[in-house]
Amino acid sequence: MHVCIEPSWQKALEPEFAKDYFLELTNFVKKEYQQATVYPPPKHIFRAFELTPFNDVRVVILGQDPYHWPDQANGLCFSVSEGVKIPPSLRNIYKEIQTDMGSESHSPNGDLTDWAKQGVLLINSTLTVRDHEPNSHKKAGWEQFTDTVIKTLSDQQENLAFILWGASAQRKGEAIDDSKHLVIRSPHPSPLSSYRGFFGSRPFSQCNAYLDSHGTPPITW
Numbered sequence: 003m004h005v006c007i008e009p010s011w012q013k014a015l016e017p018e019f020a021k022d023y024f025l026e027l028t029n030f031v032k033k034e035y036q037q038a039t040v041y042p043p044p045k046h047i048f049r050a051f052e053l054t055p056f057n058d059v060r061v062v063i064l065g066q067d068p069y070h071w072p073d074q075a076n077g078l079c080f081s082v083s084e085g086v087k088i089p090p091s092l093r094n095i096y097k098e099i100q101t102d103m104g105s106e107s108h109s110p111n112g113d114l115t116d117w118a119k120q121g122v123l124l125i126n127s128t129l130t131v132r133d134h135e136p137n138s139h140k141k142a143g144w145e146q147f148t149d150t151v152i153k154t155l156s157d158q159q160e161n162l163a164f165i166l167w168g169a170s171a172q173r174k175g176e177a178i179d180d181s182k183h184l185v186i187r188s189p190h191p192s193p194l195s196s197y198r199g200f201f202g203s204r205p206f207s208q209c210n211a212y213l214d215s216h217g218t219p220p221i222t223w
C-alpha cells in the first residue's frame with residue numbers, strides 16, 4: 003500500500019503501512035470522510051510529517067486528537083490557521099512562553115507552521131476526528147501508528163526533546179529512551195489543568211537549553 007507521506011518518513015515507517023491494523027485504519031478513515039464531516043481536511047492528515055522531515059526533527063510535542071470544531075484543525079497539534087480564533091489551550095501555551103522566555107511567541111496568530119519548519123514535530127495521538135465529536139476516532143488504529151512514530155524517533159535519533167503535556171501524552175511517552183533524549187512532563191495546558199503545574203513548568207527554556215548543550219540551534223518559540 004502506498005501512503006502519501008514525506009519521503010524520509012515513508013522510508014522510516016514503511017513496514018507499518020503494510021500491517022493489517024493500518025489497512026483497517028485506512029479503510030475506516032476513508033469511509034468516515036465519505037459519511038461524515040471529519041477534520042482535518044484529508045490533505046492535512048500527514049501535514050506535520052510534510053513540514054518536519056524525519057531527519058529534521060529536534061523536538062516532539064504530542065497532542066491528543068485534532069480540534070473538532072469547524073476551521074480549526076490544520077494537521078499540527080495545538081495549531082490553528084491564521085485568522086481563526088486562538089483556542090484556550092494554545093492561548094495558555096502562549097502565556098507560558100511569555101513567562102518562560104520573557105517575550106511573546108513569534109507565532110502569535112495561532113499558526114504554528116514556523117515551529118514545524120524549525121524541527122518541532124507537532125502530532126496528535128489520533129490524526130483525524132469527527133465534527134463536534136472529540137475522541138471519535140480513538141482506538142481506530144491511529145494510536146498504534148503514532149506509538150510507532152515515537153518509538154522510531156527514540157530508537158533512531160539522538161538528543162531530541164520530547165514535550166509531553168498531560169497524562170495521555172505521558173503514557174505514550176513510555177517508549178522514549180530518556181537516557182539519550184530529554185523528556186519534559188507536565189500537566190496539560192487546557193484551562194482545566196493549566197494551573198495545576200503547567201504554568202511555571204518552563205518547558206521552552208528547558209528545551210532550548212538542552213538543544214544548545216548538544217550543539218543544536220534553539221527553537222524560536
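Using my numbering, read the sequence shown as starting at 3 and increasing by one per residue.
Positions of the beta carbon are idealized from the N, C-alpha and C atoms, including for glycine.
Note that this is a predicted model, so its numbers are computed, not measured.
Using 9 Å as the threshold, is the C-beta distance between residue i and residue j below it?
i: His-134; j: His-70; result: yes
i: Ile-221; j: Gln-120; result: yes
i: Gln-127; j: Leu-64; result: The identity of residue 127 in the sequence shown is Ser, whereas the question assumes Gln. It is a contact, given that the beta carbons lie within the stated cut-off.
i: Ala-285; j: Gln-66; result: Not covered by the structure: residue 285. The range shown for the chain is 3 to 223.
i: Glu-84; j: Asp-113; result: yes
i: Val-5; j: Val-61; result: no
When you compare only the Cα positions, how much space is there between residue i and residue j?
i: Arg-204; j: Thr-54; result: 24 Å
i: Tyr-197; j: Glu-98; result: 11 Å
i: Tyr-96; j: Leu-124; result: 15 Å
i: Glu-34; j: Phe-51; result: 22 Å
i: Asp-157; j: Asp-179; result: 8 Å
i: Gln-12; j: Phe-19; result: 9 Å
i: Val-40; j: Leu-155; result: 28 Å
i: Asp-22; j: Pro-44; result: 21 Å
i: Lys-87; j: Ser-192; result: 15 Å
i: Pro-68; j: Ser-181; result: 30 Å
i: Gly-175; j: Glu-145; result: 12 Å
i: Gly-217; j: Arg-132; result: 42 Å
i: Phe-2; j: Lys-141; result: No answer is possible for residue 2: the residues shown for the chain start at 3 and end at 223.
i: Phe-24; j: Asn-94; result: 34 Å
i: Ser-138; j: Glu-16; result: 26 Å
i: Pro-233; j: Pro-72; result: There is no way to answer for residue 233, as the model of the chain reaches only from 3 to 223.
i: Gly-104; j: Cys-209; result: 15 Å
i: Ala-177; j: Phe-201; result: 26 Å
i: Pro-42; j: Phe-48; result: 10 Å
i: Ser-109; j: Gly-168; result: 23 Å
Going by DSSP in three states, residue i sits in which element: helix, strand or coil?
i: Trp-167; result: strand
i: Arg-187; result: strand
i: Tyr-212; result: helix
i: Leu-27; result: helix
i: Val-257; result: Beyond the ends of the chain as shown, which are 3 and 223, falls residue 257; an answer cannot be given.
i: Ile-125; result: strand
i: Leu-15; result: helix
i: Arg-60; result: coil
i: Val-145; result: Note on identity: in this sequence residue 145 is Glu, with Val being the wrong assignment. Residue state, collapsed to three classes: helix.
i: Gly-175; result: helix
i: Arg-204; result: coil
Notebook entry, point to check: Does the region 69-85 come close enough to the region 143-163 to have 3 or more Cβ pairs within less than 8 Å?
Noted result: no
Next item on the list: Would you check if the region 53-67 and the region 25-36 touch, i.e. whether three or more CB-CB distances between them fall below 8 Å?
Entry: no
Next item on the list: Mind the definition here: the region 161-173 touches the region 183-193 only if three or more C-beta pairs lie below 8 Å; say whether that holds.
Entry: yes
Notebook entry, point to check: Of all the beta strand (DSSP E) runs that stay within the bounds of the region 34-58, which reach a length of 3 or more residues?
Noted result: none
Check: Which full runs of the alpha helix (DSSP H) of 4+ residues lie inside the region 76-114, going along the chain?
Finding: 90-103
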